[in-house]
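Residues 1 to 147, numbered by my numbering, are exactly what the sequence shown covers, in order. Note that the Cβ used here is the ideal one computed from N, Cα and C, for glycine as well. Remember, predicted model here, so these are calculated numbers, not experimental data. Here the structure is laid out as structure tokens; the discussion comes afterwards.
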Amino acid sequence: MSPEYAMEGICSTKSDVYSFEVFLLEIICGRKNSNFYDLDRPLNLIGHAWELWNDGEYLRLLDTSLSDTFVPEEVQRCIHVGLLCIEHYANDRPTMSDVISVLTNKYELTTMPRRPAFYFTREILEGETTLKVSDCDTYSTTTISTS
């Protein structure tokens with residue numbers, strides 16, 4: 001769900017771009033955004049993708065069942081455009097036609113992605129999961145008990 005819809009109930013043409021990116025990342029890593037958890041990096045899928053991209057380790061995001069059946073440059077292009085699609089402000093995201101052009105190699109990416117809108121970490125402490133949500137530079141903490 002795009003930030004503008006989740007926070008303000010405003011749906012824009014760029015809301016679909018945001019949702020498409022999440023779907024694209026789910027395909028790349030082979031896991032659902034809602035079920036994503038990595039012990040090495042306790043982040044949501046968006047945060048995990050962002051950190052791997054920044055560390056230059058974006059290929060670690062790939063579903064292990066893909067083995068060597070992928071082209072690294074195509075994966076990089078998909079993740080790069082995906083991270084551009086989750087910019088905080090809708091006006092900063094590309095249009096779907098731009099996304100399609102990038103994915104079909106008709107358009108060269110020159111813009112570097114910035115930290116995504118919904119970037120949060122998870123800490124598990126004795127039966128409680130704490131979510132530290134970061135929306136740009138604003139942080140809030142919510143505790144969710146699990147049983």
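Asked	Found
Going along the chain, which residues of its own chain have a beta-carbon closer than 8 Å to the beta-carbon of N33, five neighbours each way excluded?	V22, L25, E26, N44, L45 and I46
With distances taken between CB atoms, is the gap from T64 to G30 smaller than 9 Å?	yes
Name the DSSP beta bridge partners of L66, please?	None, per the DSSP bridge assignment.
Along the alpha helix (DSSP H) that carries C29, what are the first and last residues, could you check?	T13 to C29
For I28 and L61, what's the separation of their Cα atoms in angstroms?	7 Å
Is it buried or exposed, G56, if we count other Cβ atoms within 10 angstroms and call 16 or more buried?	exposed
Could you check if L125 is buried or exposed, using at least 16 other CB atoms within 10 Å of its CB as the buried criterion?	Because the pLDDT of L125 is 46, which lies under 50, any placement of that residue in the model is unreliable, and the question is left without a value.
Is L43 helix, strand or coil when you go by DSSP?	strand
If you draw a straight line from the alpha carbon of E20 to that of D92, how long is it in whole angstroms?	One point to set straight first is that residue 20 is Phe, not Glu, in the sequence displayed. Their backbone Cα atoms lie some 15 Å apart in a straight line.
Helix, strand or coil: which one does DSSP assign to G82?	helix
Going straight from the alpha carbon of T130 to that of R115, what length do you get?	With a pLDDT of 47 at T130, under the threshold of 50, the modelled position of that residue is not reliable, and the figure given next carries that caveat. So the alpha carbons of these two residues sit roughly 21 Å apart.
From which residue to which residue does the alpha helix (DSSP H) around Y5 run?	P3 to E8
Can you give me the start and stop residues for the alpha helix (DSSP H) that L103 sits inside?	M96 to L103
Quick one: Cα of E4 to Cα of C85, how far?	13 Å
Tell me the rounded alpha-carbon separation between T95 and Y89.	13 Å
Considering only the alpha carbon of each residue, which of G82, L103, N105 and A49 lies closest to D16?	G82
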